[in-house]
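J.:
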Amino acid sequence: MISTAAPKERAFLVGAEIKDSDQLMDTADSLEELALLADTAGLEVVGETSQKLDRPHAATYVGTGKVEEIKALAEETLSDVIIFDDELTPRHLRELSKRFGEKVRVLDRTALILDIFAQHASTKAGRLQVELAQNEYRLPRLSHAWGHLGRQTGGASGRSGSVGGVGLRGPGETQLEVDKREIRKRITILKREIEELSEHRKRYRVQRKRSRIPVIALVGYTNAGKSTLLNKLSKSDVYAADQLFATLDPTTRRVVMPGERVCLFTDTVGFIQKLPTDLVAAFKSTLEEINEADLLLHVIDVSHYNAGAQFESVKQTLKEIHADNIPTINVFNKADLIEGDIDETRSLLADTDPDACLISAKTGEGLDELKDKIVETLFEKMVPIRVRLPYSEGALIALFHDQGIVDFIENGRSDVVMGGSIPTRYLMEYQTFETNGRRE
207 MISTAAPKER AFLVGAEIKD SDQLMDTADS LEELALLADT AGLEVVGETS QKLDRPHAAT
267 YVGTGKVEEI KALAEETLSD VIIFDDELTP RHLRELSKRF GEKVRVLDRT ALILDIFAQH
327 ASTKAGRLQV ELAQNEYRLP RLSHAWGHLG RQTGGASGRS GSVGGVGLRG PGETQLEVDK
387 REIRKRITIL KREIEELSEH RKRYRVQRKR SRIPVIALVG YTNAGKSTLL NKLSKSDVYA
447 ADQLFATLDP TTRRVVMPGE RVCLFTDTVG FIQKLPTDLV AAFKSTLEEI NEADLLLHVI
507 DVSHYNAGAQ FESVKQTLKE IHADNIPTIN VFNKADLIEG DIDETRSLLA DTDPDACLIS
567 AKTGEGLDEL KDKIVETLFE KMVPIRVRLP YSEGALIALF HDQGIVDFIE NGRSDVVMGG
627 SIPTRYLMEY QTFETNGRRE
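Residue numbers (our numbering): 207 to 646.
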């Protein structure tokens, strides 16, 4: 049978090891991950190179000699696109595009991730957030796309674009400003639509909280197995694939736990190292599902050689979105892929993190222990707390009496100071009212 599929674009990868940088993975591992991203985007990786630098070159990111080397390697490998493993500035893109010529496109890691997000967004919210991130990425980088139109023929004075001493805009500059204005307008519309969806979800979350059904968010590095775990726990068929960012839109499923306890489990977009702050900001409404959770399950691919760096990358992102104070259970997944003695791995985990669980979402191994741990954390584990609650927060005062253990209570004119213990799942609701002691 003759294949009619279009040939894949050929990609050449470029990495840089920056002195004193805080990157979690070494350059070789980061380039390997970039290759997986390129494959997910439908590209064929045909080569790679890297360079050690004290700091990125102001004009071309890598050194000028390295640029010539990359150009030669790209020509030799018949590359269609050159992808840099870090986010490039507008100047970097402009200068590199000049050096490499019009036949080769220049992308950076951020643009590649955005392309993958665009392919995988299936809900309205997901598509809006991807488009917002794409437009905010494109806006400062538009100028180099119109550079060839900005060069106008000079007047009698010899100054380009000047007639009779009056500066006139060339067609390139005019088109650039039109494009920028249109993108800014679209960004405003997208933000408004996303905010409307966010308000709708907020109302839904308020109703959900009134039901007192706890929400558990699955977080973790991309391809750690979150969707597979959700499918196993809920006996559902959320899309799961062995590729990066297989799931982009959050999915929630109802699960009956031991003791007939009902919980809602939400699968969220996977994290990845070097995820730009602007990209995280664009997905704010999706990440709200994490911030509103009663418990996080941090799913870690225990079989991955870089599991430690991936773990730290997720923790770093959780801190950026202010979700690092939510109760968390570390779930070490893919136990079925561990080479060697699994009992030794289990023992090591027990020594370093006694509350962690070792599981295989694929085979179901360890899921009963995980469920018991979740029930214990949400419904049985009590944490000490002291709060100063305004009388207007009557629901929280009542909740403390109903679900907690009250050791002391002191009434004031406008508020009440309460001390005792509450279930872990309610900790977030009282966080802004915490105080250090009794009324003075």
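All residues carry an ideal CB built from backbone N, CA and C; glycine is no exception.
Given a cut-off of 9 Å, decide if Val589 and Gly625 are closer than it, judged by their beta-carbon atoms.
T.: No. Outside cutoff.
J.: Note down, one range per segment and in chain order, each alpha helix (DSSP H) of at least 4 residues found wholly within the segment 561-625.
T.: Fully enclosed alpha helix (DSSP H) runs of 4 or longer: 573-581, 600-609.
J.: If you reduce the DSSP assignment to three classes, tell me which class Met463 lands in.
T.: Strand at Met463.
J.: Looking at the secondary structure, which residues open and close the beta strand (DSSP E) in which Arg216 lies?
T.: Looking at the DSSP string, the run of the beta strand (DSSP E) that includes Arg216 is 216-224.
J.: So, at 6 Å on beta carbons, what are the nonlocal neighbours of Asp321 in its own chain, with the 5 sequence-adjacent residues on each side left out?
T.: Ala247, listed in sequence order.
J.: Count the C-beta pairs between the segment 422-438 and the segment 469-479 that are closer than 8 Å, then say yes if the count reaches three, no if not.
T.: The segment 422-438 vs the segment 469-479: in contact.
J.: Identify which residue in Ala327, Ile628, Leu564, Lys521 has its Cα closest to the Cα of Leu605.
T.: Comparing Cα positions, the closest option is Ile628.
J.: Pro596: which of Gln609, Asp621, Gly572 sits nearest, CA to CA?
T.: Taking only the C-alpha atoms, the option nearest Pro596 is Asp621.
J.: Closest to Asn341 by CA distance: which of Ile289, Tyr511, Leu396 is it?
T.: Measuring from the Cα of Asn341, the nearest candidate turns out to be Leu396.
J.: Identify whether Gln257 lies in helix, strand or coil by the three-state DSSP scheme.
T.: Note: Gln257 maps to strand in three-state DSSP.
J.: Does the count of Cβ pairs from the segment 533-548 and the segment 456-463 closer than 8 Å reach three?
T.: They do not touch, by the three-pair rule.
J.: In terms of residues, what are the limits of the alpha helix (DSSP H) holding Ile544?
T.: No alpha helix (DSSP H) holds Ile544; DSSP gives it neither H nor E.
J.: Alpha carbon to alpha carbon, what distance is there between Glu571 and Tyr439?
T.: According to the sequence as given, residue 439 is Leu; it is not Tyr. Each residue's alpha carbon lies about 12 Å from the other.
J.: Note the first and the last residue of the continuous beta strand (DSSP E) segment covering Asn536.
T.: Per DSSP, Asn536 belongs to the beta strand (DSSP E) from 534-539.
J.: Start and end of the beta strand (DSSP E) containing Asp235?
T.: From DSSP, Asp235 is part of no beta strand (DSSP E) but of the alpha helix (DSSP H) over 233-246.
J.: Starting from Gly426 and walking both ways along the beta strand (DSSP E), at which residues does that stretch end?
T.: Where Gly426 is concerned, the enclosing beta strand (DSSP E) stretches over 421-426.
J.: Mapping DSSP to helix, strand and coil, what is Ile478?
T.: It is coil, neither helix nor strand.
J.: Classify Ile419: buried if its beta carbon has 16 or more other beta carbons within 10 angstroms, exposed otherwise.
T.: Classification for Ile419: exposed.
J.: Could you tell me the distance, in whole angstroms, from the CA atom of Thr329 to the CA atom of Ile400?
T.: Cα-Cα distance, rounded: 12 Å.
J.: Helix, strand or coil: how does DSSP classify Val268 here?
T.: Coil, per DSSP.
J.: Can you have a look at Ala158 and say buried or exposed, based on whether 16 or more other CB atoms are within 10 angstroms of its CB?
T.: Because the chain spans 207 through 646 in this model, residue 158 falls outside it and cannot be assessed.
J.: Specify the secondary structure class of Ile319 as computed by DSSP and reduced to three states.
T.: Helix.
J.: Which residue marks the beginning of the beta strand (DSSP E) containing Arg311, and which one marks its end?
T.: From DSSP, the beta strand (DSSP E) with Arg311 extends over 311-314.
J.: In the DSSP assignment, find the unbroken alpha helix (DSSP H) run with Val505 in it and report its ends.
T.: Here Val505 belongs to no alpha helix (DSSP H); instead the beta strand (DSSP E) covers 501-507.
J.: Can you tell me where the beta strand (DSSP E) holding Phe290 begins and where it ends?
T.: Per DSSP, Phe290 belongs to the beta strand (DSSP E) from 287-290.
J.: Answer with buried or exposed for Gln516, where buried requires no fewer than 16 other C-beta atoms within 10 angstroms of its C-beta.
T.: Under this definition Gln516 is a buried residue.
J.: Any heavy atom of the ligand ATP inside 8 Å of the beta-carbon of Arg459?
T.: Looking for the ligand ATP in the displayed structure turns up nothing, as the structure carries no ligands at all.
J.: Over the uninterrupted alpha helix (DSSP H) stretch that includes Leu524, give me the two end residues.
T.: 513-526 is the span of the alpha helix (DSSP H), which, as asked, contains Leu524.
J.: If you count every other CB in all the chains shown that lies within 10 Å of the CB of Arg631, and 16 or more means buried, which is it?
T.: With 16 or more Cβ atoms within 10 Å of its Cβ, Arg631 is classed as buried.
J.: When you compare only the Cα positions, how much space is there between Val505 and Met231?
T.: So the two alpha carbons sit approximately 19 Å from each other.
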